[in-house]
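Protein chains: 2
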Amino acid sequence: MRKTFLFLDTIVNKVDAKGRVSLPADYRAIVKETASEIVCYRSFNSPCIEGCLETMLDKLADEMDSNLDFFSETQDEISNLLFGDSKRYPFDSTGRIMLSEKLLKHAGITDTAVFVGKGRKFQIWNPQNWEKEEERIRAAVLKNRPSIKKSENDR
Amino acid sequence: MRKTFLFLDTIVNKVDAKGRVSLPADYRAIVKETASEIVCYRSFNSPCIEGCLETMLDKLADEMDSNLDFFSETQDEISNLLFGDSKRYPFDSTGRIMLSEKLLKHAGITDTAVFVGKGRKFQIWNPQNWEKEEERIRAAVLKNRPSIKKSENDR
DNA sequence: TTGATTCCCATAAAATCCCATGTTATACCA
DNA sequence: TGGTATAACATGGGATTTTATGGGAATCAA
Chain A
7 MRKTFLFLDT IVNKVDAKGR VSLPADYRAI VKETASEIVC YRSFNSPCIE GCLETMLDKL
67 ADEMDSNLDF FSETQDEISN LLFGDSKRYP FDSTGRIMLS EKLLKHAGIT DTAVFVGKGR
127 KFQIWNPQNW EKEEERIRAA VLKNRPSIKK SENDR
Chain B
7 MRKTFLFLDT IVNKVDAKGR VSLPADYRAI VKETASEIVC YRSFNSPCIE GCLETMLDKL
67 ADEMDSNLDF FSETQDEISN LLFGDSKRYP FDSTGRIMLS EKLLKHAGIT DTAVFVGKGR
127 KFQIWNPQNW EKEEERIRAA VLKNRPSIKK SENDR
């Protein structure tokens with residue numbers, strides 16, 4: 007199908023009165039190669055929205071078909087929840103999507119959204135929550151890899 | 007792509023008023039074989055910018071979703087930070103990239119940048135900081151290997 | 001009809017392209 | 001070998017395009 011693609015970077019965009027948000031241009035460029043819509047669902051682990059290409063879910067479905075034995079029952083159940091929760095979000099000619107109330111509520115997003123690249127997928131956060139989350143992850147990394155020092159120039 | 011490639015040498019270039027820097031020609035030659043952009047992120051260990059080919063991150067992403075761990079929150083936390091912090095930096099027809107404020111701040115770079123080859127990746131430093139860092143590394147090496155003596159001809 | 005979604009146009013700021021120039025490195029030739 | 005012509009590179013500045021974002025009109029659903 008295609009070459010490599012990666013959702014990268016952290017981008018802050020506004021959510022306007024109608025509930026529209028610009029999908030970051032870089033993300034759009036990736037999506038456009040195969041479609042004009044992304045798939046979003048509520049993250050199971052965090053108060054944020056997750057987004058990916060439909061092909062990702064398709065791959066998941068394939069894996070479930072062919073590897074039934076290797077998947078735990080709970081994994082299966084989670085997958086099914088995922089399909090039920092996911093929805094396509096097409097973007098208009100100016101590159102905006104309109105997130106559902108359900109998603110916005112789950113992530114606590116009102117007027118500003120932060121897009122965070124996660125490689126094959128991405129997340130959408132409330133700015134304050136993301137700040138805390140990033141802090142948490144950094145702390146976890148430092149704890150597990152004491153050799154890494156915090157830079158003086160940051161913050 | 008070539009089987010082997012190495013970012014080598016240390017090159018000093020100017021950062022202009024718009025925040026543009028020429029990617030050293032040697033580096034560009036390497037990148038051009040597969041792409042017209044590099045990926046940069048804030049070094050975890052030092053006050054500098056790190057750059058590499060997108061293929062590097064792509065490999066990481068492959069590893070991450072090959073453990074069928076679509077839902078896990080225990081995915082390597084460094085990767086998690088890495089994708090969110092990384093960004094593509096395409097270079098224009100004259101070979102320049104435009105580094106983000108975030109990166110420049112992290113590295114304390116204003117009007118001059120030093121590119122330092124690190125093999126599969128490279129770093130970008132503030133000149134003064136790099137000087138100190140190089141000094142530090144040299145000292146550390148000498149300390150660990152007392153048999154190596156500083157040459158009188160150096161400096 | 002009413003509320004919501006989609007489409008279209010407008011705009012300011014930022015990113016990118018393109019041309020020009022000085023400088024350095026490389027090739028070439030007598 | 002020395003010296004010059006040529007090409008490659010780094011850099012500056014202006015023009016052009018892309019992006020994010022706001023708002024109105026058109027379309028749709030209940």
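One line per chain: the protein sequences are A and B, in this order. Taking my numbering, the leading residue of the first sequence gets 7, the next gets one more, and so forth. Taking my numbering, the leading residue of the second sequence gets 7, the next gets one more, and so forth. No residue lacks a Cβ here, since even glycine has one placed at the ideal position from N, Cα and C. Here the structure is a predicted model, which is why all the values come from computation and not from measurement.
Check                                                                                                                                                                              : Outcome
What is the DSSP secondary structure of A/F97, counted as helix, strand or coil?                                                                                                   : coil
Using only alpha-carbon positions, find the residue among B/Y33, B/L14 and B/T16 that is nearest to B/F97.                                                                         : B/Y33
Mind pulling the chain B residues with CB within less than 8 Å of A/R48?                                                                                                           : By Cβ distance, chain B contributes nothing, its closest Cβ being about 12 Å from A/R48, past 8 Å.
Under 7 Å, Cβ to Cβ, is there at least one residue of chain B near A/G125?                                                                                                         : yes
According to DSSP, simplified to helix, strand and coil, what is B/I115?                                                                                                           : coil
Between the alpha carbons of B/E69 and A/S72, how many angstroms are there, rounded?                                                                                               : 20 Å
Taking A/R102 as the reference, which of A/V18, A/L88, A/A35 and A/P30 has the closest Cα?                                                                                         : A/P30
Exposed or buried, what is B/A23 when buried is set at 16 or more other beta-carbons lying within 10 Å of its beta-carbon?                                                         : exposed
Give the single residue among A/S28, A/E140 and A/L66 whose Cα lies nearest to the Cα of A/K2.                                                                                     : Chain A is shown only over 7 to 161; residue 2 of chain A falls outside these bounds and no answer can be derived.
I'd like to know if the stretch 112–124 of chain B and the stretch 132–147 of chain B are in contact, where contact means that at least 3 CB-CB pairs between them fall below 8 Å. : yes
Grouping DSSP H, G and I as helix and E and B as strand, with all else coil, what is A/T16?                                                                                        : strand
Quick check on the burial criterion: 16 or more other C-beta atoms within 10 angstroms. Buried or exposed for B/A113?                                                              : buried
How would you list, in chain order, the residues of chain B whose beta-carbon sits under 7 Å from the beta-carbon of A/V147?                                                       : E83, I84 and L87
Using beta carbons (cut-off 7 Å, strictly below), is A/L59 in contact with chain B?                                                                                                : no
For the beta strand (DSSP E) holding B/G125, just list the boundary residues, first then last.                                                                                     : Per DSSP, B/G125 belongs to no beta strand (DSSP E) and is neither H nor E.
To the nearest angstrom, how far is it from the Cα of A/K21 to the Cα of B/A41?                                                                                                    : Residue identity check: residue 21 of chain A is Val in the sequence provided, not Lys. Taking the straight line from one Cα to the other gives about 33 Å.
Compare the Cα-Cα distances from A/L14 to each of A/I130, A/S85, A/D91 and A/V147 and report the closest residue.                                                                  : A/I130
Could you name the residues of chain A that B/A67 contacts, counting a contact when the two beta carbons are closer than 7 Å?                                                      : L12, G125 and R126
Buried or exposed: A/S49, going by 16 or more other Cβ atoms within 10 Å of its Cβ?                                                                                                : buried
Candidates B/I115, B/K38 and B/S85: which alpha carbon is nearest B/V27's?                                                                                                         : B/I115
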